[in-house]
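What follows is a set of notes on a single structure, which appears directly below.
Numbering (our numbering), first residue to last: -10 to 249.
Now the structure itself:
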């Protein structure tokens, strides 16, 4: 399947999915964070949507935090590794991300094409999974598939914004029910709060770490090697190994201190 870089209609469609709650069920609503799942998919980790209001943080600051892979290593405690593979256009690149799943589940990873678009008071970042010939699935990870994942940051004024996160992922495996519940009731809200806290601290951190370097805003700073669209293909879920982890017991799961 050919890979296409998202255009304005794709970004508009993503924004509408974030803002329109018809057909979504609220699974969590506490402490300024709301988590929804699609009504027909609440028993699988298929499609989740989250929203948090970020007081005392500018929209463009949250947008910078979501882009800055150097800073992500400071706050994203679920992440094992992330790196940029190459650039496609001034607002699209290809990258790698791996994250820790609660033991005894296997850890997951992705290769995705990411695109971004600042649009007035809105900032959008969306991605979906692709295959890159030099980054095949790894032995110790389950290669998961992002069908559509992204962020919408909306300015509420000079020092406040709303952050949406929408993710439609195929985890490539039959997951136990406790994982599904934990994703919507615990992991998702905690992740949103982490981004908010990281955004509050980012301006001070950035002042000390290459303050002028923002290749997502200034494309001329982007030193990544060029990637050709012809080298990429769409990552289809059915071409990857499917594993059955549905019988794994929550009592055996080891949660880090960060999560408890």
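For each residue, glycine too, the CB sits at the ideal point set by N, CA and C.
Treat the numbers as computed from the prediction; the structure is a model and nothing was measured.
Item, Value
"I want to know whether the region 150 to 164 touches the region 41 to 52 - three or more CB-CB distances under 8 Å.", "yes"
"List the whole-angstrom C-beta distance separating residue 98 from residue 85, where the pair is believed to meet the contact cut-off of C-beta under 8 Å.", "7 Å"
"With three or more C-beta pairs closer than 8 Å as the rule, is the region -3 to 16 touching the region 111 to 126?", "yes"
"Confirm, please, whether the CB-CB distance from residue 223 to residue 79 is below 7 Å.", "no"
"Go ahead and label residue 128 buried or exposed: buried means 16 or more other beta carbons lie within 10 angstroms of its beta carbon, across all protein chains shown.", "exposed"
"Straight-line CA distance for residue 16 to residue 180?", "15 Å"
"Secondary structure at residue 191, three-state DSSP: helix, strand or coil?", "helix"
"Identify, in the order they occur along the chain, each residue of the same chain with its Cβ nearer than 6 Å to the Cβ of residue 120, setting aside the five sequence neighbours on each side.", "222, 224"
"Excluding the 5 residues preceding and the 5 following residue 202 in the sequence, name in chain order all residues of the same chain whose CB lies nearer than 7 Å to its CB.", "210"
"Going by DSSP in three states, residue 81 sits in which element: helix, strand or coil?", "strand"
"Would you mind stating whether residue 70 and residue 103 have Cβ atoms separated by less than 7 Å?", "no"
"Taking the Cβ atom as the reference point for each residue, do residue 253 and residue 95 lie within a distance shorter than 7 Å?", "Since the first residue of the chain shown is -10 and the last is 249, residue 253 is not available in this structure."
"Ignoring anything shorter than 3 residues, give me the beta strand (DSSP E) runs that lie fully in the region 70 to 150, in order along the chain.", "81 to 88, 97 to 108, 111 to 120, 134 to 144"
"Let me make sure I understand the geometry here. Which of 74, 19, 204, 106 has the alpha-carbon closest to that of residue 220?", "74"
"Note the first and the last residue of the continuous alpha helix (DSSP H) segment covering residue -2.", "-3 to 8"
"Please state if the CB of residue 194 and the CB of residue 56 are separated by a distance shorter than 7 Å.", "no"
"So, helix, strand or coil for residue 207, using DSSP?", "coil"
"In chain order, what residues of the same chain lie with their CB nearer than 8 Å to the CB of residue 4, ignoring the 5 residues before and after it?", "111, 113, 141"
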